[in-house]
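These protein sequence lines map, in sequence, to chains C and P.
Each residue of the first sequence is one higher than the one before, counting from 2 in my numbering.
Each residue of the second sequence is one higher than the one before, counting from 2 in my numbering.
Built from N, CA and C at the ideal position, the CB exists for glycine as well.
One structure below.
Number of protein chains: 2
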Amino acid sequence: MNAPMGLRERKKQRTRETISDTAITLFLEHGFDQVSVVDIAAVAEVSKPTLFKYFPTKEDLVVHRFADHQTVASSVVAERSPGVSAIDALHQHFLDGLAARDPITGLNDDEDVLAFHHLVYSTPSLVARVSKYLAQAEDALAETLAGALDSDREITAALLAGQVIATERILASVNWRRIVAGRSADEVHPEAVADADHAYALLRHGLAGVAPRT
Amino acid sequence: MNAPMGLRERKKQRTRETISDTAITLFLEHGFDQVSVVDIAAVAEVSKPTLFKYFPTKEDLVVHRFADHQTVASSVVAERSPGVSAIDALHQHFLDGLAARDPITGLNDDEDVLAFHHLVYSTPSLVARVSKYLAQAEDALAETLAGALDSDREITAALLAGQVIATERILASVNWRRIVAGRSADEVHPEAVADADHAYALLRHGLAGVAPRT
DNA sequence: TCTGTGAATTGACTTGGTTAAGAAATCTGC
DNA sequence: GCAGATTTCTTAACCAAGTCAATTCACAGA
């Protein structure tokens, strides 16, 4: 698929993977804060400046794995089929993610995925990094929605983007908590779908359509 | 109001204020990253470990000023008058904030407030810190809403909390952008109220009530 | 005025991250 | 296959945030 790649490029790719794999292995084994970057560099057999050339911060050694998720929501709206509303496209995409056990939905009981998830969410600096990605996802989605929505107010796109990103983050965290409690993804799946439908109903029809008397 | 405070306590208070004021002055003058904590310690005439005893991180020198905002939204719901719905209480509280030109609403054109705001939002590590406070505000609000909402689903409280915090954050950033564009708070106030009403309508009645055909 | 305690200082240390100079490896044209 | 140009890596030193241990200082209570 990418044959025209010189030895130099291939070596860089391999070095990058070696560094990242080494780092994550060590982090999973001893914890993020207990492993220094010189430890990682030593085990991966590179120098410290080289490590920082591949990954600009220690956190990037971990979070680069889902760096591309920043644009997913935006793309879903931009590339939806004609006639499909933005919110329907987002809703359906989340349901597809649940069905596919996409880790980003929180509905995945693979041991390695859980360990990785725990590493990230038990380390404050990694959580902070994830928040930054979510903020970027929100900005990208807001911009795309601004062109897709026919509201009379510009601010609607930004508000909806914020609500959608918050919603999917919360749905994922609820699913993840159920998995951590020891249940299987297959077992949780129906509830996850029901929650997602409920959450998107809340976005579509508001609190008044869900809990009228509050 | 706090007469029974020994000289020791008063001195600690004064030292704390001196350090923080020194830091913020220097940060506003030269930028957060251009001022080191030893610079601050030197000007404030304390040692570096002392500075870190008062403020555990460099960021805390700045953000401690609105550390208490974490619980505001939650308190508004918990302490609302009987008969008032949670969402009405939050809506009204935000409108009150606009009327009072509370900096947290973004509707404040005071020079010092703007400078402080710019300092925070142009410094990534400070923005990250603010996000953490918002996350805490969201958690607190979710917990309070869980007891105040009569929805049949537990997840509704968490979802609504996420949407409310996102909404107020976005409303504030829109207001702030208008102020930065050079307009006065008095001039912007009517639009800010209209936006807030629109945003809370979105929370109450969903997208379907605002932009039906998207 | 003396004594015990909490706080401040000093100085050294660890870790994340950067920089400069030079050595080593890869690529290009012949 | 080789020489020169280029990219990458390493070494070594450096800076800034944050921590720690030992010592000194200053307030408080008798």
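Alpha carbon to alpha carbon, how far is C:R130 from C:Y122? Give it in angstroms, no decimals.
-> Approximately 10 Å between the Cα atoms of the pair.
Counting contacts by CB-CB distance shorter than 7 Å, is C:G84 in contact with chain P?
-> No - not a single Cβ of chain P is within 7 Å of the one on C:G84.
Cβ of C:A209 less than 7 Å from any chain P Cβ?
-> Yes, contact with chain P.
Own chain, CB closer than 7 Å to C:S48, minus 5 neighbours either side, in chain order | Contacts found: A42.
To which residues of the same chain is C:E112 closer than 6 Å at the C-beta, ignoring the five residues directly before and after it?
-> There are no such residues.
Assuming C:V78 contacts C:L142 under a Cβ cut-off of 8 Å, what Cβ separation, rounded to an integer in Å, is found between them?
-> With 8 Å as the limit, C:V78 and C:L142 qualify as a contact, their Cβ atoms being about 7 Å apart.
Boundaries (first-last residue) of the alpha helix (DSSP H) holding P:F117 | Looking at the DSSP string, the run of the alpha helix (DSSP H) that includes P:F117 is 112-122.
Any C-beta of chain P under 7 Å from that of C:Q93 = Answer no: the Cβ-Cβ gap between C:Q93 and chain P never drops below 7 Å.
Which ranges would you report for the beta strand (DSSP E) in the segment 60-110 of chain P if only whole runs of at least 3 residues count?
-> Here no run is fully enclosed.
Kindly say whether P:S185, judged by its beta-carbon, lies nearer than 7 Å to any beta-carbon of chain C.
-> By this cut-off, P:S185 is not an interface position.
Measure the alpha-carbon distance for P:D153 versus C:A200 and round it to whole angstroms.
-> Whole-angstrom Cα-Cα distance: 13 Å.
C:R170: which of C:H70, C:T23, C:T58 sits nearest, CA to CA?
-> Of the listed residues, the one whose Cα sits closest to C:R170 is C:H70.
In angstroms with no decimal places, state the Cα-to-Cα distance between P:D40 and C:L127.
-> Each residue's Cα considered, the two are about 29 Å apart.
Looking at the C-beta of C:D22, does it have a partner C-beta in chain P at a distance below 7 Å?
-> Under the Cβ criterion of 7 Å, C:D22 is not counted among the residues facing chain P.
Please state if the CB of P:E139 and the CB of P:I166 are separated by a distance shorter than 7 Å.
-> For the 7 Å CB-CB criterion, P:I166 and P:E139 form a contact.
Under 7 Å by beta carbon: chain C residues contacting P:R171 = As written in the sequence, residue 171 of chain P is Ile, which differs from the Arg given in the question. Those within 7 Å of P:I171 in chain C are A159, L160, G163.
So which of P:I88, P:L29, P:F67 has the shortest CA-CA distance to P:T106?
-> Ranked by Cα distance from P:T106, the options P:I88, P:L29, P:F67 are led by P:F67.
Any chain C beta carbon closer than 7 Å to P:T168 = Taking Cβ atoms only, chain C reaches closer than 7 Å to P:T168, which makes this a yes.
By a C-beta neighbour count over all protein chains shown, 10 Å radius and 16 as the cutoff for buried, is C:G278 buried or exposed?
-> Look at the range of chain C in this structure, 2 to 215, and you will see that residue 278 of chain C is not part of it.
For P:H92, count neighbouring Cβ atoms within 10 angstroms of its own Cβ and tell me buried if that reaches 16, exposed if not.
-> Residue environment for P:H92: buried (at least 16 other C-beta atoms within 10 angstroms of its C-beta).
In chain C, what lies closer than 8 Å to P:K59 by C-beta?
-> Chain order gives no chain C residues near P:K59, where near means a beta carbon separation below 8 Å; the closest approach is about 14 Å.
Would you decide whether P:G163 is buried or exposed? Buried here means 16 or more other CB atoms lie within 10 Å of its CB.
-> Its Cβ being crowded by 16 or more others within 10 Å, P:G163 is buried.
For P:L62 and P:I20, the rounded distance between their alpha carbons | One C-alpha to the other measures close to 8 Å.
Quick one: measure Cβ to Cβ for C:L204 and C:T168, integer angstroms, because I've assumed they're closer than 8 Å.
-> Correct: roughly 6 Å between the Cβ atoms.
Taking Cβ to Cβ, would you say P:A173 is nearer than 7 Å to P:A158?
-> No, Cβ-Cβ distance for P:A173 and P:A158 is not below 7 Å.
Note down the Cα distance separating C:L208 from P:A202, rounded to an integer number of angstroms.
-> Looking at the two C-alpha atoms, the distance is approximately 10 Å.
Can you say whether P:V175 is buried or exposed, counting buried as having 16 or more other CB atoms within 10 angstroms of its CB?
-> Buried, by the Cβ-count rule.
Span separating the alpha-carbon of P:I25 from that of P:R15 | Using only the alpha carbons, I get a separation of about 15 Å.
Determine whether the Cβ of P:N3 lies closer than 7 Å to any Cβ atom of chain C.
-> With a pLDDT of 37 at P:N3, under the threshold of 50, the modelled position of that residue is not reliable, and the figure given next carries that caveat. With its beta carbon at least 7 Å from every one in chain C, P:N3 lies outside the interface.
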